[in-house]
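Counting from 186, one number per residue, gives the positions in the sequence shown under this note's numbering.
Beneath this line is the structure, given in structure tokens, with notes to follow.
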Amino acid sequence: MMFQVGKYRVDGFIAPCTKYPQGYVIEYFGCYWHAHTCTYSEESVIEKQSAKEIWAKDEERMSYLKEKYPVKIVWECEVNEELRSNKEMTEFFNNYEPLDILHCEKALVGGRTEVFKLYVNNEGKTLRYLDVVTLYPTVMKHEAFPIGPPENVPRKIIQTPMTHPDQIFFRGFLSCRVLPPRQLNLPVLPLKIDGRLLFGLCKYCVKENRKFDCTHNNEERAFNGTFTTVELKKALSLGYTITDVYHGVKYEHWVQNDASGKGGLFTSYINQMMEEKIYSSGWPSNVKTDEEKAAYCEQYFEKEHITLNDYSRFKKNPGKRAVAKLMLNSLWGKFAQNVDREVTTIVIDPMEFWNLVYDTTIVISIVRCVNDVLVVKHHKQTETLRSLKTSAIQLAAYTTSYARLRSYRFMELVGGDNIIYTGNSV
Numbered sequence: 186m187m188f189q190v191g192k193y194r195v196d197g198f199i200a201p202c203t204k205y206p207q208g209y210v211i212e213y214f215g216c217y218w219h220a221h222t223c224t225y226s227e228e229s230v231i232e233k234q235s236a237k238e239i240w241a242k243d244e245e246r247m248s249y250l251k252e253k254y255p256v257k258i259v260w261e262c263e264v265n266e267e268l269r270s271n272k273e274m275t276e277f278f279n280n281y282e283p284l285d286i287l288h289c290e291k292a293l294v295g296g297r298t299e300v301f302k303l304y305v306n307n308e309g310k311t312l313r314y315l316d317v318v319t320l321y322p323t324v325m326k327h328e329a330f331p332i333g334p335p336e337n338v339p340r341k342i343i344q345t346p347m348t349h350p351d352q353i354f355f356r357g358f359l360s361c362r363v364l365p366p367r368q369l370n371l372p373v374l375p376l377k378i379d380g381r382l383l384f385g386l387c388k389y390c391v392k393e394n395r396k397f398d399c400t401h402n403n404e405e406r407a408f409n410g411t412f413t414t415v416e417l418k419k420a421l422s423l424g425y426t427i428t429d430v431y432h433g434v435k436y437e438h439w440v441q442n443d444a445s446g447k448g449g450l451f452t453s454y455i456n457q458m459m460e461e462k463i464y465s466s467g468w469p470s471n472v473k474t475d476e477e478k479a480a481y482c483e484q485y486f487e488k489e490h491i492t493l494n495d496y497s498r499f500k501k502n503p504g505k506r507a508v509a510k511l512m513l514n515s516l517w518g519k520f521a522q523n524v525d526r527e528v529t530t531i532v533i534d535p536m537e538f539w540n541l542v543y544d545t546t547i548v549i550s551i552v553r554c555v556n557d558v559l560v561v562k563h564h565k566q567t568e569t570l571r572s573l574k575t576s577a578i579q580l581a582a583y584t585t586s587y588a589r590l591r592s593y594r595f596m597e598l599v600g601g602d603n604i605i606y607t608g609n610s611v
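Encoded structure:
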């Protein structure tokens, strides 16, 4: 939360107290925006300003603040160094959820892959394998997606604890703290531990990879996260509890297919790509007669409202099929495309190399000499990254959320007989 001190807003402020009788101002300085000497010299140019000009403005600001209160400056590089050596501080940073700030990208996590049984005796049994064809395109076609701008949901109108799905009265995203039930064969909500997407009923048991009975209390078992409301409603129906809410975002307008199979946000696109994929796959080996071909096409129309009436296009073409499949499965990812990508530049001209070295908007990771040229790998400074025009993180987050819920439905049907789940197959 920002505080106003005279004509400036400051990052942190401690009101007069026993320890700080005059009060205390804390300023957090990012090394890039404030041209810290850990990386930049006075000739460096940051966003069309020289480091010397930036330092002069900062000095003017600090002089003004110091006339009113003692001031402490905390540099970004100092915090990063402390995080590398202080595990408790790192854990606090990872678990902290700021009030009234919600990042939809935190709700964007991938699919579910897990092994339930390492060994199964199949003597006298039949093991079955169920594969969900084109899982992501399926949910993009059939589920509801938000359109239009998001709206804030004030925390004061969200009552906690929440134990029933009907208590979530809007559709969108919720940043909250959840307490899983103690007994549930298939956990619903994911949590990320050390970069891995895991599903469990206790944060500490998951973190410690414990395989025996949980002895942790509710506070230790609970975890923070940002989730879609549709996934939270499913969790509440299975015994989860939302104990605290940090921020909510809602979308008033949603689009979905009507009874005729039209009107969805991605329906026409998915149908077109599916049509191309089906045609380029050719006729199935068990479809030979005209009656079988007609029944095959009619089945697609009845279930998916996809019209296949041009028999001449049924020709096996692996190349076209691969392209159609790629177009089907990669669309949702375009909405969440990572802009922080490493770039490789082949440098021949020395001037081009020095331009890269003195470019403050990039970070050089590798310089390698190969024969008569230099290979330079670099990426953009985090502060200079800009979203793509195609970005729509809310659509990508809901796509993966719907896919996990659809997969969960199949695992529920199997129940305690689940052996393995691999993202889109049971």
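Note that CB positions come from ideal geometry on N, CA and C, so glycine has one too.
Asked	Found
Going by C-alpha to C-alpha distance, which of L417, S445, Y436 and T323 sits closest to T428?	L417
May I ask you to list the residues that DSSP assigns as paired with I605?	V300
Which residues does DSSP pair with T411 in a beta bridge?	S360
Pull the bridge partners of P331 from the DSSP assignment, please.	W439
Classify L511 as buried or exposed, calling it buried when 16 or more other Cβ atoms lie within 10 Å of its own Cβ.	exposed
Report the partner residues of M347 according to the DSSP bridge assignment.	I427
Looking at C-beta atoms only, is the number of pairs between the stretch 325 to 341 and the stretch 429 to 440 that lie closer than 8 Å three or more?	yes
Please classify S592 as buried or exposed, where buried requires at least 16 neighbouring CB atoms within 10 angstroms.	buried
Distance check for A236 and V230, CA to CA, integer angstroms please.	6 Å
Going by C-alpha distance, which of W517, E476, S572 and C202 is nearest Y587?	W517
Just verifying my parser: in three-state terms, what is the DSSP assignment at Q189?	strand
Mapping DSSP to helix, strand and coil, what is F277?	helix
Given a cut-off of 7 Å on the beta-carbon distance, is the pair Y578 and C361 in contact?	The sequence given here has Ile at residue 578, not Tyr. In this structure, C361 does not lie closer than 7 Å to I578 by Cβ.
Roughly how many whole angstroms lie between the Cα atoms of N514 and Y454?	12 Å
Looking only at its chain, what residues have a beta carbon closer than 8 Å to the beta carbon of P255, apart from the 5 residues adjacent to it on each side?	Y205, Q207, G208, Y209 and V210
At which residues does the beta strand (DSSP E) containing E252 begin and terminate?	Counting along the chain, E252 falls outside any beta strand (DSSP E), and DSSP gives it neither H nor E.
Shortest alpha-carbon distance to L559 belongs to which of Q522, I547, G467 and M536?	M536
Can you tell which of N409, E460 and D379 has its C-alpha closest to the C-alpha of L386?	N409
Give me the residue from Y389, E393, T575 and F412 with the minimum Cα distance to E405.	Y389
Quick check on this structure: which residue in L421, R367, F198 and E489 has the alpha carbon closest to the alpha carbon of A444?	E489
Given L383, which residues of its chain have a CB within under 8 Å of its CB, disregarding the five upstream and five downstream residues?	P375, L376, K377 and V391
Output the distance between the C-alpha atoms of G504 and D495, rounded to the nearest integer angstrom.	20 Å
Please report how far the alpha carbon of V190 lies from the alpha carbon of K272, in whole angstroms.	33 Å
Would R594 be called buried (16 or more neighbouring beta carbons within 10 Å of its own) or exposed?	exposed
Applying the 10 Å Cβ sphere with the 16-neighbour rule, what's the burial state of G448?	exposed
Quick one: Cα of W218 to Cα of R356, how far?	37 Å
Specify the secondary structure class of R526 as computed by DSSP and reduced to three states.	coil
Check whether the Cβ atoms of R506 and K462 lie closer than 7 Å to each other.	yes
Look at the alpha carbon of F538 and the alpha carbon of A292, and state the distance between them as a whole number of angstroms.	40 Å
Can you tell me which of the three DSSP states I533 falls into?	coil
Starting from N337, trace the beta strand (DSSP E) in both directions and tell me its first and last residue.	E336 to V338
Taking just the CA atoms, how far does Y606 sit from F278?	32 Å
In its own chain, which residues sit with a C-beta less than 7 Å from the C-beta of A509, not counting the 5 before and 5 after it?	M458, E461, K462 and S465
What is the rounded straight-line gap between the Cα of I547 and the Cα of T575?	23 Å
Closer than 7 Å by C-beta to M247: which residues in its own chain qualify, once you throw out the five before and the five after it? Chain order, please.	V256
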